[in-house]
Structure formats: C-alpha cells, structure tokens
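A.B. asks: Encoded as structure tokens, here's the structure I'll be asking about.
Chains as they are written, first to last, in this note's numbering: chain D, 1 to 610; chain S, 1001 to 1610.
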C-alpha cells in the first residue's frame, strides 16, 4: 500500500466528515514519550518513522513537520506527495500559524481528541476560532478506521510492587488524593499519565518500550478508586494487591474497568452532577470534554508532585540500583576500552549498545533499558539524540571521543548515565579543554546550594558558566527528574532554559539528572551525566525560613580523568572529583569483586585522586 | 475634610454611576514609577501616603491593599473607616480574587481607564466576567470631580538635547518606528511611557520628581509624529528642535497637540480606518480602547528596545557621568567617615541624604537625584526601601553598618550606586562574612560571560550562589536597566527571579545595575551596587553563531575593603577587586584633585590592592 493511497483514503474520510484538514501527530492518549505500535499513526500514514513529527492532510496537500534531527530521514522516507516542513528553518511556519494563514475562514480542522492534550487543543481552538475556523474533535479516528493491520494494544501482565520497594501503600496514596479533592471542592480526579497511575496503585506494566507502565486511565473519587485497563492484565495476585490496604477500607476499594470505558465512566460521573477534576496540561481533550470541559475543576494534578518527592524507601532503592548499575557500566567500560584498543575499527556503536545490555542484565533486578542507548563515536557524538542503527553505525577507534548515554530499569530504581571516553593515546588539546569545561559545569551544579523551591531554570546557568566563558554552550536542558522503576524522564521539576508547563521548584527528595555537554558539529560530542537526589544542605543559616538544598550524586561510575586538564580546575573542583571517585571506588568494589573481578584493578586506577 | 467625608462623597458618585465598587490605585496614565502630585488620588482619598497601595471603595466598606513595607505607616494613617489589607499575609486575598469572592454576580466595578494598563484591565475584566460581573471604565474620574484642591499638572519647560548628548537625531528614530509600522502592517503607534517619549524626540522635562520627563503621549504615523503635551512647555527653541532633522523631511514633521487631545486624536485615526498599534503591556486602557481595543494591532513597542540599546555617544556619556558621580560620592564618603568618627551620633540619616546632594551638585551637569536616597544605619539598613524622614532618622555611629543607595541625574547620564560602610574600629565577624559573601556575588555577576540574548532571570543566581552556600539570600532583584539622563529604572532587560512583562534578553549596549545584598532584620543591611554596560566578551569561540557578552562596570567609587574577609575570596576575585580599584583610582584622581583635593590620600588608601 503506497503512501498516496493511504493519504487518498484519509481524504475520502475527510470529505465524508466535511473536514478541510486533519492533524495526525506522534502522541498517544497519555502524553507518553514512548508510544506502543498501535499509536504510530503518523508513521503509518506518512512512512516517516522518526520519533517526532506531525502530519497535516488537506484535500490537495499533505505536509509533515519535523525538526532538524530528522530532516534527512524524513526527506528519504516521505513520498513525493508529502511536503516536508522544516521546523526551525527561517520562514517555515509552525502548524498552528500555518493553518491560520493558509486555510479560509469557515474551515474545519479535525483531530482525534484523545491524541492531543487539552492545553494544546484549546490553544489551537482559540487560534482557529480567531480566524473563523473550527477545531473538530473526531473521536472515531479515521486513520484507525482505514489501517487494516493496525496492531492491537499490548497485553502484558501487570505486576504488584511489594511494600519494601515503594514504602507507601496505595491506600495511603489514594487517601491523600481524596484529601486533595476535598480541599479543592471536587468529587473526582481523572488521571491519564501512565507513570502516575503505576505509582498511585503501586503496580507496574510493560506495555511501552523502556517504561514499566501499562496503558490505563484512573479516576479517584471521594470514596473509591477506579483503574481502567485491559482486565486481562490484572492477575488474581494483582487484584488482591489492589484490594489490600493498610488504611481505612474505603480508600482501598479499587474497581477495575475496561480501558475503553474510561471516558463514558467520567461522562457519567459528570452527568450525576459530580465535580470531576482534570489537569488540562496532562489530560487529553476527549477526557477533558467528558469531565465537563470548562466546567470541570481545573486542578494541578497532585500525583505529579507526590510521585516526585521520593520517600526514604524509594531513595534507598535509587541508591542501591545506581550502585549495581555502576558495577555493570564500569565493568563494561573496562571491557570496551580493552576491546577497542586491541582491535580499533571493529566494534560498532550498535554492537556497543547490544553488549552493554548484557553487562547490565547480569545485575540483580535489571529489567531492560530505561531508554534507547545513545552511543556516538566521533562526529556522531555531536548528534544529541543519536541512536545507532545496525547498518549505519560507525566503528569505534582510538582517534576521537566516544559518548555513551544509557540507563537501566531495575526493580528498585531507574538509571541514566553518560560518560565520554577516549581510547587512544592522544586526545587533542581541544577535546581536553572542552571536556574539562563540561566537567567544571557538572561539578558546579553538583555542589550548588539553593533555597528549597527554586525552579531549575534559575540554576541552569550554573552548569553552563564555565563553557560560556569560552563562548561555548549546549542546545539541550541540563537536568530532568528520574522515576524510581518508572519513566526516565519525569516532572514537575527540571533544569533548563525553557519554560515547562506545570513546572515546580526543587524540593528535598526529588531526583534530577546533571548533564551538561558540549557538541562540536562534525567532530565530537561530550556529555557528563549523573543522577542526583535533592538533599538538605544543612546550611548554618536558613534565610527566609527556608531549607537550603544541594545535590547528592548517586550515579557511581568513574569520570574519565585522562581527558581532564587539571590546571583548569580549582582546588575545590579537584576535591569534589577526588571525593566522588573515592566514593565510587568504595561503593563499587564489593560488586566488582563479586561480578567482574577482572575490573578491580581498572576501577582502582580510574578512581585514583588527581 | 475628614477621610470619611471623602469616602462618603465618592460613595455618592458611585450610587449615581450605578457602581458597586471603585478602584483607586497609585498609578498615573503612563505607568510611571514616580507620579506628580495631581496623580496622588489614592493618598488624597485614604490619607495613606505610601508609594504603593490600592484603595477599593464599596457602599459599606473601604479597603486598602499595601505590602509589608507599609503596614505600620498605613495603620497609622488610615482612619477607622478603612480596612487595611496586608498583602502577602496568609489568607489575605489580592484585589482581584477579593472582588471575585465578595461581590455578587451582576456587580459593576468602576475604574478610571487612564489609570490602569491594558493588560491589567483585561485580566481583571476577564476575571470579573467569569463571575458575571462587569469592569466599567469611568473616564470622568469621580475622585478628581470631588477633589477641590487637586493640583494641576506640572508645567515645567521642556529642553532639547543636543546631538552630542544622544548621538541620534529624532528624525532617524522616528523613521525607524515608521519602518517598524510598515513591517507590522500598522499605520500608527501610540506611545505613553514618558521616558520613551523623551528619548524618541530627544527632549527632556522635569514634570516628575527624579525623572527628566514631561507628561505626554505620542503617536507616530507613517508620515509624521505627534506629541501631546501642555503646549506651554514647548519653547520656540524646542519647537525648532522638533522641526529639525538630518533625515528626510517627512520624518521630521513633529506636530504638537494638547495633552488632553491624545485619546480623541487616536480615536479619530481609528475612525479613518487606520490600523493604530498599541502595546497592551504599556498603554493605558483608555488609549487602548480609543485605538480600537482588540481590533488594534497588538505590538511590542519598538522604542523600548531601541532606547535600551545605547549608542556610542550615549555610552561615552554614561561613563563620563559615572566618573563625575564617583568624584562626588567618594569625596562625600571621605567627609562622612571623618564626620562620624569625629562626632558619633550627631549626623542623622536624613542629614546624610541632604549633604550628599551638595557634593553631587558641585559636579558639572548634575541636575537632581535620580531617586530618593536610601540611607540606612544599623537596623534601618535592613529595611530594603527605607527612606529617612527628618523626624525619625537614626543617628550614624561607629557600631553598625551604614547602607547608602543613591544616584544622580546628569545631562550625560543617570547614576545609581550603593556602598556599605562601617565607621568604627570593629565590625563584627558576622558583618564581615556577610559583606564578603555579597561581594563575591557582585564579582561573580560582574565577570559572568553569557550568550547575547540571555534573559536576566537565567543569570540572577550567579549573584546569589555565594550567599546560598551559607543559607542566606535577599528578597529583591539583582539588576535593572538604567536610562541615560532618563529614568533610573528601565526595561526591557532586568536581572531577577520574577517574570517581567515584555522582558527581553541582554544585548550589547544595554545597561544594568549589579546589586546583590543581604539584610539581617533588626541588625544591619548590606548592598554593593554598580552600574554596568553589556559589552562583547570577545570569547575565543562563538557557539551558536552568537556573540558572548560580559559586563563593564562603570560606577567608580571604592568598595570598602575594611569589611572584606580576604581568606574567603578566590585569587580571581581578589584580582577583580584590585583591578577595579586601580581603575577607580585612575579615573577619579583628576576630578578629586580638581574638586576635592583633601580626599586624594583617602582615595589612594581606599583603592590599595588587598
């Protein structure tokens, strides 16, 4: 089936629905970063398989917006019937202004309301209305209707998490949501983010690659909780878990319904006169409409913050998982250095990603990667979201830098770590200077102290100042929250220069990555990334009656000292690095001796004080 | 006339206008920080004379909102008929939520549309509409109608600025606005900020205390410019200046109209079918409505940025004015130290402010202060917006710190400088440690390098990090733009943690203050403030094809080294301080020798390297 005929079929549907345009994006109904195969509608329709892109089909045009990462791939994959809209290029309008400019007043633009967040939909609706156009929610997705071999939803069994992994029974969590409802004069709260639902019920799934979640909605009411998912995923054990609780019986009542019945259930609550709360930054437009639209209490979902504030049990798991992950990664880096030095230009970036998984998988509790490994040698290291493909991967050698960004899902924690290495005898002065500046930024952020509640955008520059001094910078954020055996990217905190929706300040117990970098196009990439926990800095003063916070680094893997220009570091930076390496050595030695004894000498050498 | 009868009269007007409430704020029609006596309606009505506060009069209540600086003063000045609304206190609603909560659906809330910015008015209107209420613009201000002895507008003569002071004929500036109009498909632009109008026409006034501006509106059309002001202010010389130009004749046509005719002129343009652009963050609600309201092109006023980007002539003036200001302030600080040491507890904070003016006024080009001098000894130094009054001012002595924040208006520049001193033999360790941390923050910001276009909120933390390490902080912004013989506070740049309306990133040629501080309630205040110019850092790289900027400090006055704990400074911080002092010495010596030769030895001593 050619792209043309797929577009042609969609055009027939548009004509039938009296639509002038239809938007097909990359999102699923849950704002997921990774989506399951069933939700790859834009790739099906356009043949463009990149992770980010939006298709717009009109009677006489088919356009696809994507960003610079994917210009080459999109131009190769799209047929001639498509026009590639290069986002960020001068004069290229984004989807919304394009629609406002090119469509006539009275036009009807369709979208599947499940596949767009409420805030996005309302902003688009307002812009279109201002031009006399209408945004039409089409619940019966015409792409699904024509997609004969569309995969079904995945159907993997859910698992129940034991108390010793999460430290807080779901009955207590649900009770807290119910208190929130009472405070906010609402009768129910709709949840749609998959990691929030997994966290709330202390269950995990494996419906989505790299993320231990299952496709679900949830509704918490004043006297019960409702989980909407494929009921075949709920084993008798999980059902017992859902019914169990250490708190009052009412909170523990979790009713399981089919995934498809969520919207109708919510509409029914609304019809009964209930005030059904939604967070328009999270919830899709369809659920929002079911809850009553503008009449629904607009709430800031309380589960986001509750999940981000790890308790002591979770933090202990985070620390333990990072030690095991450090054992695997350190042993792997040792293996890799030997392998590349023994036979340059034989191992590819793709081989590295595969082999690294073997090392991680030997560790207790390891499940699968927490995201697609980024393994970039030389110029590929400068491609920030590079994912090596088997056919095109570069071979690793001893001339340039190798950037490895990877992570694992463990039953007690999620990891995300980047190391940059050079396997040859002579890294260039440029590589060393740039690496040292990135390291200075990393250390500055690792040691910064700030008042609790400070938003990450206020401390983002801390990690960039050493690069800025030389006129260097990096085009990505500096940190993101990290789940505990959940999504590797989570909010509401983050460290970056862009304004985030629902962003919240850092509080004690939150996690973050610390990942400054530098990318020299066509040459090499550098990133040094550790995961940190926000902890009390125990300052001698507490101005403003606030706690002051700092970061505890939990990632445990040597930072390549071979690439450091020691003369560029201050005494306190050298002290931080030496203390970090002493800590890495102490934490990893037992595991290295147990699992990879051949790496002990290398670990000792790589963690020597400079 | 008692406050009751004034409120009673207003209530009678409200009944006649069928209004349930009327808002009387502190603003004039031009978003001015300082307002002229005619615009002190809130003080007239409530007897509360603080600079910030909003009165709300209802049939059975009169409320006044103000912030923590003024709780004491307001409670003393307000009669029993008023309820003080303590902004920031727990449970105290702001004006808008208070109206939404306490007034019934159908209520009509009045406001003088000249005295509220469009964005404020529209936000309030939306909130009220959502509750079924109406915001009613009342052009004939009922407070003015009842205020028998309301002062008239000031009528001071305008002056024309010569080319050697500003470097850019107003014809060129107007032409650039006309190009902007063309690019934005508009026929006219309304201007209301007094400093922007003064800058655009290269004229100055003295209608408003501390600010060399005159009460005016302006409208630039595609073929002319219109200035609306009291025509008696325009001498024949200024009229000739307005008609002169080095560019094409059309741009130079400046028509002068009466101040009161602005809104009617704008409404007339709109009636002729012209597209009359407004910046809703700047323009008052009345002018916005005259321009067509929602139909008017909503533009980001281009004069704001043009004025902020100083040209070389202006920057030279800024540097020269700061040297002369430094001569006066340094000589004054020397005089003050001697005076306090000779007779502790005799000079008051108020005396200091008066005497300082004498020193400044001896300098060529000096006009008047650029803001009310803040002179706080001991615990008064911890009151951030402290303004000494003759009756209550503390006497200066040798036990505590003295904070002096002051500035001058010179024909070639505007200054703003804060120094903190101790006149006794033994400042405490606490004072020294805190002072040194503030200095470290000041130096960190003075030396930071950042990509051009970086917004100030991203670098605000740079000035706080040293304080944060100890659990200390300060509750004010770190920097504001400074005009050139214009307002001491100007946008669109700024360095702070709060989001500013129309905020723009730093660009080469912009000015900023650098003023971290620390305030220990009941004990002392510390602030070290210099004015800086944003300059090219000439970095060896220019990642992202951007220029990288840093700050050139132009304030020239010694920073008290007696209060520094040298062991807390890094070698590069010591180097910065010593280079700064060497520069101060070199720049000030000629003027000190000319005007205050008795201070030469003190200047040398105070600028010795540490």
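Using N, Cα and C, we set each Cβ at its ideal position, and we do this for glycine too. Computed from a predicted model, the values in this text were never measured in an experiment.
(1) Tell me which residue opens and which closes the alpha helix (DSSP H) that residue 1430 of chain S is part of.
(2) Looking at chain D, which residues of the stretch 1068–1099 of chain S have a Cβ within less than 9 Å of any of its Cβ atoms?
(3) Compute the Euclidean distance between the alpha carbons of residue 130 of chain D and residue 1042 of chain S, then round it to the nearest angstrom.
(4) Using the C-alpha atoms, what's the distance from residue 1223 of chain S back to residue 1250 of chain S?
(5) Would you report the Cα separation of residue 54 of chain D and residue 447 of chain D, rounded to the nearest angstrom?
(6) By Cβ distance below 8 Å, which residues in the same chain neighbour residue 499 of chain D in space, the five residues on each side in sequence not counted?
(7) Between which two residues does the beta strand (DSSP E) carrying residue 1420 of chain S extend?
(8) Going along the chain, which residues of its own chain have a beta-carbon closer than 6 Å to the beta-carbon of residue 592 of chain D, five neighbours each way excluded?
(9) In the stretch 1459–1483 of chain S, which residues sit with their C-beta less than 9 Å from some C-beta in chain D, listed in chain order?
(10) Is there at least one Cβ from chain D nearer than 8 Å to residue 1250 of chain S's Cβ?
(11) Can you tell me whether residue 1465 of chain S is helix, strand or coil according to DSSP?
(12) Could you spell out where the beta strand (DSSP E) holding residue 180 of chain D opens and where it closes?
(13) Work out the CA separation of residue 10 of chain D and residue 19 of chain D for me, nearest whole Å.
(14) Going by other Cβ atoms of all chains shown within 10 Å of its Cβ, with 16 needed for buried, is residue 106 of chain D buried or exposed?
(15) From D:242, D:270, D:363, pick the residue whose C-alpha is nearest to that of residue 257 of chain D; which is it?
(16) Whole angstroms is fine: what's the gap from residue 244 of chain D's alpha carbon to residue 1471 of chain S's?
(17) Taking the runs of the alpha helix (DSSP H) that are 4 residues or longer, which of them lie wholly in the stretch 1356–1412 of chain S?
(18) Residue 130 of chain D by DSSP, collapsed to three states: which one?
(19) Is there contact between the stretch 501–517 of chain D and the stretch 466–486 of chain D, where contact requires at least three CB pairs shorter than 8 Å?
(20) Mind listing the chain S neighbours of residue 457 of chain D? Cutoff is C-beta to C-beta under 8 Å, in chain order.
(21) Buried or exposed: residue 1235 of chain S, going by 16 or more other Cβ atoms within 10 Å of its Cβ?
(22) Check the Cβ of residue 1539 of chain S against every Cβ in chain D and list those closer than 9 Å, keeping chain order.
(23) Whole angstroms are fine: how far does the CA of residue 1529 of chain S sit from the CA of residue 1608 of chain S?
(24) Spatial neighbours of residue 345 of chain D within its chain, please: CB distance less than 7 Å, with the 5 preceding and 5 following residues excluded, ordered by chain position.
(25) Name, please, each residue of chain D whose Cβ falls closer than 7 Å to the Cβ of residue 1111 of chain S.
(26) Residues in the stretch 1387–1408 of chain S with C-beta within 9 Å of chain D's C-beta atoms, listed in sequence order?
(27) Nearest chain D C-beta to residue 1497 of chain S closer than 8 Å, yes or no?
(28) Among the candidates S:1410, S:1501, S:1367, S:1353, whose CA atom is the shortest distance from the CA of residue 1388 of chain S?
(29) Is there a Cβ from chain D that is less than 8 Å from the Cβ of residue 1448 of chain S?
(30) Please confirm whether residue 339 of chain D and residue 329 of chain D have their CB atoms less than 8 Å apart.
(31) Looking at the structure shown, is residue 1073 of chain S part of a helix, part of a strand, or coil, going by DSSP?
(32) Residues of the stretch 1543–1566 of chain S in Cβ contact with chain D at a cutoff of 7 Å, in chain order, please.
(33) Along the stretch 272–302 of chain D, what residues have a CB closer than 7 Å to any CB found in chain S?
(34) Looking at the structure shown, is residue 1549 of chain S part of a helix, part of a strand, or coil, going by DSSP?
(35) So, does the CB of residue 451 of chain D fall closer than 8 Å to a CB anywhere in chain S?
(36) Fully enclosed by the stretch 247–301 of chain D, which alpha helix (DSSP H) runs are 4 residues long or longer?
C.D. replies: So, from the listed chains and residues:
(1) Working through the second chain from its first residue, we reach residue 1430 of chain S at position 430. From DSSP, the alpha helix (DSSP H) with residue 1430 of chain S extends over 1429–1447.
(2) Within the stretch 1068–1099 of chain S, no residue qualifies.
(3) Within the first chain, numbered from 1, the residue matching residue 130 of chain D stands at position 130. Within the second chain, numbered from 1, the residue matching residue 1042 of chain S stands at position 42. Roughly 39 Å between the two C-alpha positions.
(4) Translated into the one-based positions of the second chain, residue 1250 of chain S becomes position 250. Translated into the one-based positions of the second chain, residue 1223 of chain S becomes position 223. Low local confidence applies: a pLDDT of 47 at residue 1250 of chain S is under 50, so the model's placement there is unreliable, with the coordinate-based value given in what follows. Each residue's CA atom was taken as its position, placing residue 1250 of chain S and residue 1223 of chain S some 6 Å apart.
(5) As a working note, residue 54 of chain D is residue 54 in the first chain. As a working note, residue 447 of chain D is residue 447 in the first chain. Rounded to the nearest angstrom, the two C-alpha atoms are 40 Å apart.
(6) In the first chain, counting from the first residue as 1, residue 499 of chain D sits at position 499. 457.
(7) Taking the second chain and counting its residues from 1, one reaches residue 1420 of chain S at position 420. For residue 1420 of chain S, the enclosing beta strand (DSSP E) starts and ends at 1417–1422.
(8) Mapped onto the first chain, residue 592 of chain D falls at position 592. Counting only Cβ-Cβ distances below 6 Å, and skipping sequence neighbours, we find 327, 599, 600, 603.
(9) Look at the stretch 1459–1483 of chain S: the residues with a C-beta under 9 Å from a C-beta of chain D are 1459, 1460, 1461, 1462, 1464, 1465, 1467, 1468, 1469, 1470, 1471, 1472, 1473, 1474, 1475.
(10) Mapped onto the second chain, residue 1250 of chain S falls at position 250. The pLDDT assigned to residue 1250 of chain S is 47, lower than 50, so where the model puts this residue is not dependable; a value taken from the coordinates is nonetheless given after this. It does not: the Cβ of residue 1250 of chain S has no partner Cβ on chain D nearer than 8 Å.
(11) Indexing the second chain from 1 puts residue 1465 of chain S at position 465. Looking at residue 1465 of chain S - three-state DSSP - the assignment turns out to be helix.
(12) Your numbering for residue 180 of chain D matches position 180 in the first chain. Secondary structure note for residue 180 of chain D: it is in no beta strand (DSSP E), and the uninterrupted alpha helix (DSSP H) holding it is 170–183.
(13) As a working mapping, residue 19 of chain D is identified with position 19 in the first chain. As a working mapping, residue 10 of chain D is identified with position 10 in the first chain. Going by the C-alpha atoms only, they are around 11 Å apart.
(14) Here residue 106 of chain D refers to the residue found at position 106 of the first chain. Its Cβ having fewer than 16 others within 10 Å, residue 106 of chain D is exposed.
(15) Walking along the first chain from the start, residue 257 of chain D turns up at place 257. Measuring from the Cα of residue 257 of chain D, the nearest candidate turns out to be D:242.
(16) On the first chain, residue 244 of chain D is found 244 positions in, with the first residue counted as 1. On the second chain, residue 1471 of chain S is found 471 positions in, with the first residue counted as 1. Each residue's alpha carbon lies about 44 Å from the other.
(17) For the stretch 1356–1412 of chain S, not a single whole alpha helix (DSSP H) run of length 4 or above is found.
(18) As a position in the first chain, residue 130 of chain D is number 130, starting the count at 1. In the displayed model, residue 130 of chain D falls within a helix according to three-state DSSP.
(19) Flag = yes, the stretch 501–517 of chain D and the stretch 466–486 of chain D touch.
(20) The count along the first chain starts at 1 and reaches residue 457 of chain D at position 457. Neighbours of residue 457 of chain D on chain S, chain order: 1457, 1458.
(21) Within the second chain, the letter at position 235 stands for residue 1235 of chain S. So residue 1235 of chain S ends up on the exposed side.
(22) Position 539 of the second chain, counted from the start, is the residue given in the question as residue 1539 of chain S. Near residue 1539 of chain S (Cβ distances below 9 Å), the residues of chain D are 468, 469, 470, 471, 472.
(23) Numbered from its first residue, the second chain carries residue 1608 of chain S at position 608. Numbered from its first residue, the second chain carries residue 1529 of chain S at position 529. Their Cα atoms are separated by approximately 20 Å.
(24) Position 345 of the first chain, counting from 1, holds the residue named residue 345 of chain D. If you ignore the 5 residues before and after residue 345 of chain D, its C-beta comes within less than 7 Å of the C-beta of 395, 397, all in its own chain and listed in chain order.
(25) Taking the first residue of the second chain as 1, we reach residue 1111 of chain S at position 111. Ordered by position in chain D, no residue passes the 7 Å Cβ test against residue 1111 of chain S, which lies about 26 Å from the chain.
(26) Taking 9 Å as the Cβ-Cβ cut-off against chain D, none of the residues of the stretch 1387–1408 of chain S qualify.
(27) Translated into positions along the second chain, residue 1497 of chain S becomes position 497. Yes, because at least one Cβ of chain D sits closer than 8 Å to the Cβ of residue 1497 of chain S.
(28) As a working mapping, residue 1388 of chain S is identified with position 388 in the second chain. The option with the nearest alpha carbon to residue 1388 of chain S is S:1353.
(29) Taking the second chain and counting its residues from 1, one reaches residue 1448 of chain S at position 448. By this cut-off, residue 1448 of chain S is an interface position.
(30) The sequence position of residue 339 of chain D within the first chain is 339, counting from 1. The sequence position of residue 329 of chain D within the first chain is 329, counting from 1. Contact flag unset, no.
(31) Here residue 1073 of chain S refers to the residue found at position 73 of the second chain. DSSP places residue 1073 of chain S in helix when its eight states are reduced to three.
(32) Answer in chain order: 1543, 1544, 1548.
(33) Residues: none.
(34) By one-based count along the second chain, residue 1549 of chain S stands at place 549. Residue 1549 of chain S falls in the strand class under three-state DSSP.
(35) Reading the first chain from its first residue, position 451 is the one you call residue 451 of chain D. At least one chain S Cβ lies under 8 Å of residue 451 of chain D.
(36) Listed in chain order, the complete alpha helix (DSSP H) runs (minimum 4 residues) inside the stretch 247–301 of chain D are 249–252, 262–271, 285–290.
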